[in-house]
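Taking the numbering used here, the leading residue of the sequence shown gets 1, the next gets one more, and so forth.
Here's the structure, in structure tokens; my notes come after.
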Amino acid sequence: MIIAVDGPAASGKGTLATGLAQHYGLPHLDTGLLYRAVGRAVGDYEDLPEFEARAIAAAEALDAGHLTDIAELTSARSGVLASKVAVIGPVRQALFEFQRSFATQAGGAVLDGRDIGTKICPDADVKLFIQADSKARMERRARQLEARGVVVDRYALFHQIEERDARDMLNPHGGFYKAADAHLLETTHLGIEAALRAAIAIVEKVMALKAGGRTSS
Ligand code: CDP
Ligand code: CDP
């Protein structure tokens with residue numbers, strides 16, 4: 001079973017994907033970490049002409065199976081750099097194979113990101129598109145950062161998340177939209193437990209429908 005979980009920044013897709021992976025005993029890949037690692041590797045070249053070429057080389061050289069320093073990767077700055085390398089077509093191509101192999105491993109997998117249901121796994125068994133309004137997402141990310149001791153400027157964070165969402169949605173090489181067969185899960189007013197219960201209910205329903213379809217055909 002392949003479960004694809006997509007959604008905008010801080011919508012809770014990582015938390016839900018982790019919960020689903022635990023519930024179904026499946027491996028989980030947070031694909032944002034791949035883009036963050038590439039962005040991090042070329043951060044020093046951000047405003048220089050060689051940024052693009054360096055990002056492509058970093059993506060091609062990435063040891064995606066062994067990412068370290070996750071705390072650094074999940075910083076707000078890494079998120080911004082990630083969205084800047086994510087608009088470069090060859091960077092996405094270089095990261096495709098690893099994601100695809102992870103998804104198609106025996107037994108299945110849960111992947112979360114932006115383009116899982118549209119580009120990486122258009123054939124996923126279950127697709128979830130997680131949504132929450134911008135203010136709720138900013139507040140979630142702020143609390144997540146504060147729990148790590150980071151001092152948060154909420155105004156700046158809100159602006160940064162909106163800017164990143166806009167860059168992602170306009171990404172010409174992206175696939176950041178809800179796939180036609182994805183199930184929308186609106187979590188603005190749902191806590192983590194309630195959101196996970198709702199996600200599991202969707203997965204169960206889709207799998208039951210598929211099983212029914214198989215026996216009747
Ligand atoms: O992966 P993504 O950036 O979409 O979000 P996340 O890292 O899973 O969630 C961001 C923060 O929001 C985490 O601290 C979660 O615990 C929290 N969260 C929440 O408060 N309510 C939810 N329904 C989902 C996540
Ligand atoms: O957790 P959050 O949603 O804040 O970010 P993330 O999932 O770690 O992704 C960071 C950035 O990587 C996104 O803003 C996208 O620009 C890019 N990304 C992407 O283009 N495709 C993916 N499958 C995952 C991330």
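Positions of the beta carbon are idealized from the N, C-alpha and C atoms, including for glycine.
Handout entry: Euclidean distance between Cα positions of T118 and R154
Key = 32 Å
Problem - Nearest neighbour of H66, chosen from Q93, R54, G79 and L29 [CA to CA] - result: L29
Problem - Cβ-Cβ distance between L128 and A142 below 7 Å - result: no
Handout entry: Contact test: S101 Cβ vs ligand 2 heavy atom, cutoff 6 Å
Key = no
Exercise for the section: For H189, count neighbouring Cβ atoms within 10 angstroms of its own Cβ and tell me buried if that reaches 16, exposed if not. Expected result: exposed
Problem - Nearest-angstrom beta carbon gap, T31 and G113 [assumed within contact, 8 Å] - result: 4 Å
Practice task
Flag R137 as yes when its Cβ comes closer than 6 Å to any non-hydrogen atom of ligand 2, and as no otherwise.
Solution key: no
Exercise for the section: Report yes if the C-beta distance between H173 and G89 is below 7 Å; otherwise report no. Expected result: yes
Exercise for the section: Counting only the same chain and skipping the five closest in sequence on each side, list residues whose C-beta sits under 7 Å from that of A37. Expected result: L62, L67 and L73
Practice task
Indicate, with yes or no, if ligand 2 has a heavy atom lying under 6 Å from the CB of T118.
Solution key: no
Exercise for the section: Rank V80, A109, V42 and V91 by C-alpha distance to the C-alpha of G25 and give the top, closest one. Expected result: A109
Exercise for the section: Could you tell me how far apart the beta carbons of A195 and G12 are, in whole angstroms, since I believe they sit closer than 8 Å? Expected result: 6 Å
Practice task
Compute every distance between the C-beta of D153 and the non-hydrogen atoms of ligand 2, then say whether any falls below 6 Å.
Solution key: no
Practice task
Please say whether V85 and A55 have beta carbons closer to each other than 7 Å?
Solution key: yes
Practice task
Apply the 10 Å Cβ neighbour rule to I70 and answer buried if 16 or more other Cβ atoms are within range, or exposed otherwise.
Solution key: exposed
Exercise for the section: Can you have a look at A106 and say buried or exposed, based on whether 16 or more other CB atoms are within 10 angstroms of its CB? Expected result: exposed
Exercise for the section: Determine the DSSP secondary structure at E60, reduced to helix, strand or coil. Expected result: helix
Problem - Cβ-heavy atom distance, T187 to ligand 2, below 6 Å - result: no
Practice task
For R100, I'd like the list of residues in its chain whose CB is within less than 7 Å of its CB, leaving aside the five on either flank, ordered along the chain.
Solution key: I120
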